[in-house]
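Undergrad: Please find one structure pasted underneath; my questions will follow.
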Amino acid sequence: MEVTVGSIQLNYTKQGSGAPLILLHGNGENHHIFDKLSMRLKEDYTVYAIDSRNHGESTQTDDYSYATMARDIEGFIRNLELEDVSILGFSDGAIIALTLAILNPELFNKMVLLGVNLQPSDFNDEYRLELLDEYEKTGDPLLKLMLEQPDIKLNQLRNVTTPTLVVAAENDLFKPELFQSIVTTMPKAELLIMPEHNHDSYVIGQDILYPHLKSFFNEMP
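If you read the sequence shown in this note's numbering, its first letter stands for residue 2, the second for the next number, and so on.
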């Protein structure tokens, strides 16, 4: 399925019934990373799994900023006239979701941030060097995006009152203190650490998060 948002087309799938739940993938991926998880979530939600611009079957553009991608999702919600929306984002998708929640704290009922970062400096040194090396070889604008953005200040999170589940892997790509600082700053955030996993091993093609998500979404606000 496709919807026009501004000057671009966003490709997405829609499954299930119930309140809307938006799924946003990570850098260089597409909505299919959530295929297995969507099969579980659609039992309780209308699941919208979206290809971000410059990903999957959505429009390719010269604009790779998280702010623009956040406006795309805001337009998606508006154009489909969705209400009582929750959102789950992985990696870049989590950055997009958090960016939107900062701009509009009332937009989401609940939010799940999987492997999110606030600054490029949050990457551990080893991975940041790998990124730099790969970008120097390829010039890939998606890698450039990760090296230069986002620019979210910790104090901006104080106004995000959306009930939020922050999920991180035990062996994530980021400095370990990042996630605790996020949940300490956000008024209604809780942290889940996935033991023995890396950044994407508990997400891509997996549904092992489902029991945790079901519990979180069923909690009273």
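Glycine included, every Cβ here is placed at the ideal spot set by N, Cα and C.
Helix, strand or coil, according to DSSP, for Tyr203 in the structure here?
TA: In the structure shown, Tyr203 sits in coil (DSSP, three-state: anything other than H, G, I, E or B).
Undergrad: Check the DSSP bridge columns for Leu24 and list the partner residues they point to.
TA: The partner list for Leu24 (beta bridge, DSSP) reads Ala50, Leu89.
Undergrad: Who are the Cβ neighbours of Leu158 in its own chain at under 7 Å, not counting the five residues just before and after it?
TA: The residues are Ile183, Thr186, Met187.
Undergrad: For the region 92-126, which segments carrying the alpha helix (DSSP H) assignment without a break, of at least 4 residues, lie completely within its bounds, in sequence order?
TA: Qualifying alpha helix (DSSP H) stretches, in chain order: 93-104.
Undergrad: Considering only the alpha carbon of each residue, which of Leu42, Lys15, Tyr67 lies closest to Gly27?
TA: Out of Leu42, Lys15, Tyr67, Tyr67 has the C-alpha closest to the C-alpha of Gly27.
Undergrad: Are the beta-carbon atoms belonging to Val113 and Phe180 less than 8 Å from one another?
TA: For Val113 and Phe180, no; Cβs fall outside 8 Å.
Undergrad: Tell me, to the nearest whole angstrom, how far the beta carbon of Val167 is from that of Leu192; I am working on the premise that it is less than 8 Å.
TA: Rounded, the Cβ-Cβ distance is 5 Å, consistent with contact.
Undergrad: Taking buried to mean at least 16 other C-beta atoms within 10 Å of its own C-beta, is Thr165 buried or exposed?
TA: With 16 or more other Cβ atoms within 10 Å, it is buried.
Undergrad: In the DSSP assignment, the alpha helix (DSSP H) including Ile9 goes from what residue to what residue?
TA: Per DSSP, Ile9 belongs to no alpha helix (DSSP H); it is in the beta strand (DSSP E), 9-17.
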